[in-house]
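Student: This note's numbering applies: residue 14 is where the sequence shown begins, and numbers increase by one. My structure is below; once you've seen it, I'll send some questions.
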Amino acid sequence: MRKHSITFFIINTILVLSMVVNSPLKQPESAVTNFTTLVKTNVPSDFSDVKLNADTVNLTILHINDWHGWLEPHDGRGGAATYMSYFKQEGFNASDDSFLLLNGGDENTGPAVATLTKGESMMDVMNAMNFTASAIGNHEFDYGIDWLNYRQNIANFPLLSCNIYDVGTTDLANFTIPWVVQEHAGIQVGIVGLTTTSTYTSAHPKYTQYYDFGNYETALRNNVPAMRTAGADIIIALTHVVPNELISLAANVADLNISVFLGGHGGTPTVTEVSGSIVAMAGHYAQQYVRIVLEVDTTLDPKLVVSQSGHLVANTEGGVTPNAEIQQVVDYWVDLVGADEVISYASTAIYDPSPESGIGNLVADGMLDYFNWTHDFSITNRGGGIRDYFRAGDVTMGDVVSVIPFENNMLELSITGQELLDILTSGHGYYAIGNIRYSYNYDGGFHITSAYINSTCTFEEIIPTNIYTGLMIDYVWWVSFKDVYPATDTGFMYRDAAINYIRKIPDISLVAYDGRIQEGDVVVPELSRNHLIFLILSSSFVVTIFLKRKTLKKRLNKTK
14 MRKHSITFFI INTILVLSMV VNSPLKQPES AVTNFTTLVK TNVPSDFSDV KLNADTVNLT
74 ILHINDWHGW LEPHDGRGGA ATYMSYFKQE GFNASDDSFL LLNGGDENTG PAVATLTKGE
134 SMMDVMNAMN FTASAIGNHE FDYGIDWLNY RQNIANFPLL SCNIYDVGTT DLANFTIPWV
194 VQEHAGIQVG IVGLTTTSTY TSAHPKYTQY YDFGNYETAL RNNVPAMRTA GADIIIALTH
254 VVPNELISLA ANVADLNISV FLGGHGGTPT VTEVSGSIVA MAGHYAQQYV RIVLEVDTTL
314 DPKLVVSQSG HLVANTEGGV TPNAEIQQVV DYWVDLVGAD EVISYASTAI YDPSPESGIG
374 NLVADGMLDY FNWTHDFSIT NRGGGIRDYF RAGDVTMGDV VSVIPFENNM LELSITGQEL
434 LDILTSGHGY YAIGNIRYSY NYDGGFHITS AYINSTCTFE EIIPTNIYTG LMIDYVWWVS
494 FKDVYPATDT GFMYRDAAIN YIRKIPDISL VAYDGRIQEG DVVVPELSRN HLIFLILSSS
554 FVVTIFLKRK TLKKRLNKTK
């Protein structure tokens with residue numbers, strides 16, 4: 014019996030090691046920490062050397078975007094308290110109204126401290142930092158309109174957008190403010206907001222289906238004249254729009270004399286000049302901020318920007334001492350959320366490579382495990398649906414929330430094998446799958462060459478005419494299949510399923526990758542994935558029993 018247990022352990026260990034050896038790990042993209050672009054200006058690049066004329070004043074803009082809840086330092090980047098210390102070094106303080114602290118949207122949806130508070134923690138921290146205004150990004154819709162309204166009410170600064178309309182109308186949505194005009198250093202500054210037109214599908218359609226996200230140029234032309242009438246000397250477009258779109262927009266509306274276009278939503282960190290306007294966007298996840306200085310001639314009517322300059326500044330962890338006041342606010346929310354419970358372990362980091370995502374595999378399998386593996390398949394999204402990676406070491410509940418912060422429910426649907434194959438084809442590289450293995454090639458275009466589905470610990474070829482019942486997250490269904498395949502909401506969230514599943518696994522690195530998506534001809538294993546997981550868990554049990562018996566035998570020998 015003892016020899017049999019040892020042999021069983023050795024076989025299982027070989028299986029596990031083969032999975033680990035064949036597990037691809039994608040390294041995270043390196044942070045841009047030294048990216049600096051100087052706009053063509055009439056002032057030196059060293060801001061400390063700027064000499065004001067007697068009749069000019071400086072306005073300083075500090076802009077961040079796509080913060081996504083990273084209040085604490087991570088991966089060499091600072092958090093909120095580090096940001097504030099850098100701002101203080103720039104000369105920022107709450108009583109100096111020559112500074113404007115602006116955010117290009119998407120401040121929530123990320124780590125547990127932001128996600129589990131539905132963005133309330135972010136509003137509290139941003140209030141403490143004395144933000145001037147923020148654009149409404151697509152992820153401000155992640156918790157529904159009631160929560161967006163709530164954040165608008167508790168923020169000490171406006172959340173702006175002038176291109177969100179009630180669907181089918183030109184009536185501005187009631188939760189948004191299109192623009193504001195504020196006095197800064199004696200200058201009337203107009204700030205107008207824009208939201209990406211991709212919001213309908215880059216946020217959850219169950220919330221965005223009631224709104225239209227209108228053309229940027231049309232929205233500006235409808236609002237900027239009113240801002241001028243309200244007294245705006247200079248205008249800043251504070252947007253959640255990617256830089257390449259902003260560059261085109263700035264050229265198209267040059268006649269509106271908008272001084273600065275600030276962006277968000279993604280793309281390369283940018284500071285450039287277009288038709289006399291600055292176009293700028295920082296990196297995401299607390300990576301950087303943009304500093305812009307506008308020198309404004311106060312003798313003119315309206316007052317006019319006579320020189321301008323800007324660059325990117327890295328928000329580096331350890332580069333400054335974190336601001337104690339802001340750190341105290343952050344610590345309050347981190348302690349309140351309490352998401353540091355250790356639920357598993359990762360011996361190596363796990364990433365989200367394409368087409369087979371280690372994180373996606375865990376999430377898709379968690380969906381199946383939640384219903385005791387009674388479904389034929391599971392489908393979730395990777396890429397935009399996965400916002401972080403699992404670092405080597407202890408895995409906490411908060412880590413899982415950070416990786417998959419979205420509150421998507423699992424839906425049940427029944428489709429034919431051919432329909433399933435069509436979904437796998439159209440979603441290759443985008444979807445993560447459970448209980449399925451397939452191979453593909455690009456011979457004359459993308460083709461699935463073989464596809465198998467798990468059936469009681471063996472894999473069987475997917476039959477086009479068979480009916481298969483599976484699970485799909487509601488976001489994928491809403492975006493791609495709502496009008497194609499009927500589905501029933503299970504009422505259970507896929508993130509909860511992932512947490513429940515990960516709790517059961519001693520080392521998630523050992524089961525994250527299994528070659529379920531391969532280029533070429535796939536070799537179908539004799540054992541299915543859930544059988545392998547069973548063997549891994551059972552091997553841990555066998556080792557524990559073996560060691561306990563060995564220790565007990567030593568103790569008995571000593572007593573003889």
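All C-beta atoms in this analysis are idealised placements derived from N, C-alpha and C, irrespective of residue type, glycine included.
#1: Is it right to say GLY116 is buried, meaning 16 or more other beta carbons lie within 10 angstroms of its own, or is it exposed?
#2: Quick check on the DSSP output: what are the complete alpha helix (DSSP H) runs of length 4 or more inside the region 122-178, in order along the chain?
#3: Can you tell me whether ALA94 is buried or exposed, with buried defined as 16 or more other CB within 10 angstroms of its CB?
#4: Going by DSSP, which residues form a beta bridge with ASN328?
#5: State buried or exposed for LYS64, treating a residue as buried only when at least 16 other CB atoms are found within 10 Å of its CB.
#6: Counting along the chain, where does the beta strand (DSSP E) carrying ARG529 start and finish?
#7: In the DSSP assignment, find the alpha helix (DSSP H) that holds THR643 and state where it starts and stops.
#8: Return the residue from the list SER360, SER468, ILE356, THR503 that minimises the CA-CA distance to ALA511.
#9: Enumerated in chain order, which unbroken segments of the alpha helix (DSSP H) with a length of 4 residues or greater are wholly contained in the region 232-273?
#10: If you follow the alpha helix (DSSP H) that TYR345 is in, where does it begin and where does it stop?
#11: Pull up the CB-CB distance for ALA168 and ASN140, whole angstroms please, since I reckon it's below 8 Å.
#12: Within the same chain, show all residues whose beta-carbon is closer than 7 Å to that of ILE190, passing over the 5 residues directly before and after it, in chain order.
#13: State the Cα-Cα distance for the pair TYR402 and ILE372, rounded to the nearest angstrom.
#14: Check SER58 in the structure and name its three-state DSSP category.
#15: Is the region 254-265 touching the region 229-240 in the sense that three or more CB pairs, one from each, lie closer than 8 Å?
#16: Let me see if you follow: with CB-CB separation under 8 Å, is ASN71 close to chain C or not?
#17: Have a look at LEU269 and VAL255 and give me their C-alpha separation to the nearest angstrom.
#18: DSSP state of GLN300, grouped into three classes?
#19: What is the rounded straight-line gap between the Cα of THR128 and the Cα of GLY397?
#20: Please work out which residues of its chain come closer than 6 Å, Cβ to Cβ, to SER427, disregarding the five sequence neighbours upstream and downstream, and give them in chain order.
#21: Can you tell which of VAL318, VAL126, THR183 has the C-alpha that lies nearest to the C-alpha of TYR345?
#22: Name the DSSP bridge partner or partners of TRP192?
#23: Please report how far the alpha carbon of ALA146 lies from the alpha carbon of HIS76, in whole angstroms.
#24: Evaluate PRO499 with the Cβ neighbour count: other Cβ atoms within 10 Å of its Cβ, from every protein chain shown; 16 or more gives buried, anything less gives exposed.
#25: Considering only C-alpha positions, which residue in the set ILE475, ASN454, ASP88 is nearest to GLN431?
#26: Take every Cβ of the region 90-106, pair it with every Cβ of the region 324-337, and state whether three or more of those distances are shorter than 8 Å.
#27: Measuring only the C-alpha atoms, how far is GLY458 from ASN166?
#28: Can you name the residues that DSSP bridges to ALA293?
#29: Buried or exposed: which applies to PRO238, given that a residue is buried once 16 or more other Cβ atoms fall within 10 Å of its Cβ?
#30: Do the CB positions of ASN394 and VAL489 come within less than 8 Å of each other?
#31: Rank ALA186, ASN71, THR312 by C-alpha distance to the C-alpha of HIS197 and give the top, closest one.
#32: Quick one: what does DSSP say THR95 is sitting in, helix, strand or coil?
#33: Using the Cα positions of TYR224 and LEU484, report the straight-line distance between them to the nearest angstrom.
#34: Roughly how many angstroms lie between the CA atoms of TYR178 and TYR213, to the nearest whole one?
#35: Would you call the region 298-313 and the region 321-329 in contact, with 3 or more CB pairs under 8 Å?
#36: Roughly how many angstroms separate the alpha carbons of GLY379 and ASP527, rounded to a whole number?
Tutor: Taking the geometry as given:
#1: Mapped onto the sequence shown, residue 116 falls at position 103. Sequence inspection shows Asn at residue 116; the Gly mentioned does not correspond to that position. Buried: at least 16 other Cβ atoms inside 10 Å.
#2: 125-128, 133-142, 158-167
#3: Within the sequence shown, numbered from 1, the residue matching residue 94 stands at position 81. Looking at its Cβ environment, which holds 16 or more other Cβ atoms inside 10 Å, ALA94 is buried.
#4: Locating residue 328 in the sequence shown gives position 315, where the first residue counts as 1. Beta-bridge pairing links ASN328 to no other residue.
#5: As a position in the sequence shown, residue 64 is number 51, starting the count at 1. Residue placement at LYS64 is flagged as unreliable, the pLDDT there being 43, under the threshold of 50; a coordinate-derived value is accordingly withheld.
#6: Locating residue 529 in the sequence shown gives position 516, where the first residue counts as 1. Premise fails: ARG529 is in no beta strand (DSSP E) and is neither H nor E.
#7: Outside the shown range of the chain (14 to 573) lies residue 643, about which nothing can therefore be said.
#8: As a working mapping, residue 511 is identified with position 498 in the sequence shown. Checked all of SER360, SER468, ILE356, THR503; the closest Cα to ALA511 is ILE356.
#9: 256-265
#10: The sequence position of residue 345 within the sequence shown is 332, counting from 1. TYR345 -> alpha helix (DSSP H) spans 337-350.
#11: If you number the sequence shown from 1, residue 168 lands on position 155. If you number the sequence shown from 1, residue 140 lands on position 127. With a Cβ gap of about 7 Å, ALA168 and ASN140 count as contacting.
#12: Numbered from 1 along the sequence shown, position 177 holds the residue referred to as residue 190. Correct list, in chain order: PRO171, LEU172, LEU173.
#13: Locating residue 402 in the sequence shown gives position 389, where the first residue counts as 1. Locating residue 372 in the sequence shown gives position 359, where the first residue counts as 1. Going from the Cα of TYR402 to the Cα of ILE372 covers about 7 Å.
#14: Counting from one through the sequence shown, the residue named residue 58 turns up at place 45. Any reading at SER58 must be qualified, since the residue scores a pLDDT of 40, below 50, and its modelled position is unreliable; no value is offered.
#15: yes
#16: Protein chains in the displayed structure number just one, and chain C is not present.
#17: Translated into positions along the sequence shown, residue 269 becomes position 256. Translated into positions along the sequence shown, residue 255 becomes position 242. Looking at the two C-alpha atoms, the distance is approximately 20 Å.
#18: Here the question's residue 300 lines up with position 287 in the sequence shown. It is coil, neither helix nor strand.
#19: Taking the sequence shown and counting its residues from 1, the one referred to as residue 128 is at position 115. Taking the sequence shown and counting its residues from 1, the one referred to as residue 397 is at position 384. If you take the alpha carbons of THR128 and GLY397, they lie about 16 Å apart.
#20: Taking the first residue of the sequence shown as position 1, residue 427 is located at position 414. Taken in chain order, the residues that qualify are ILE480, THR482.
#21: Against the sequence shown, residue 345 aligns to sequence position 332. Among VAL318, VAL126, THR183, the Cα nearest to that of TYR345 is on VAL126.
#22: Mapped onto the sequence shown, residue 192 falls at position 179. BP columns for TRP192 point to VAL205.
#23: What you label residue 146 is simply residue 133 of the sequence shown in a count that begins at 1. What you label residue 76 is simply residue 63 of the sequence shown in a count that begins at 1. Each residue's alpha carbon lies about 10 Å from the other.
#24: Your numbering for residue 499 matches position 486 in the sequence shown. Burial call: exposed.
#25: Counting from 1 along the sequence shown, the entry for residue 431 is found at position 418. The option with the nearest alpha carbon to GLN431 is ILE475.
#26: yes
#27: Along the sequence shown, one-based indexing puts residue 458 at 445. Along the sequence shown, one-based indexing puts residue 166 at 153. Each residue's alpha carbon lies about 51 Å from the other.
#28: For the purposes of this step, residue 293 is taken as the residue at position 280 of the sequence shown. In DSSP, ALA293 forms a bridge with LEU275, VAL284.
#29: Within the sequence shown, numbered from 1, the residue matching residue 238 stands at position 225. Exposed, by the Cβ-count rule.
#30: In the sequence shown, residue 394 corresponds to position 381, counting from 1. In the sequence shown, residue 489 corresponds to position 476, counting from 1. In contact: ASN394 and VAL489 (Cβ atoms closer than 8 Å).
#31: Here residue 197 refers to the residue found at position 184 of the sequence shown. Looking at the Cα atoms, ASN71 is the closest of the given residues.
#32: Position 82 of the sequence shown, counting from 1, holds the residue named residue 95. Correct three-state label for THR95: helix.
#33: Position 211 of the sequence shown holds residue 224. Position 471 of the sequence shown holds residue 484. Approximately 28 Å, taken between the alpha carbons.
#34: Position 165 of the sequence shown, counting from 1, holds the residue named residue 178. Position 200 of the sequence shown, counting from 1, holds the residue named residue 213. Spanning the two alpha carbons is a distance of roughly 12 Å.
#35: yes
#36: Position 366 of the sequence shown, counted from the start, is the residue given in the question as residue 379. Position 514 of the sequence shown, counted from the start, is the residue given in the question as residue 527. The alpha-carbon atoms of GLY379 and ASP527 are separated by roughly 15 Å.
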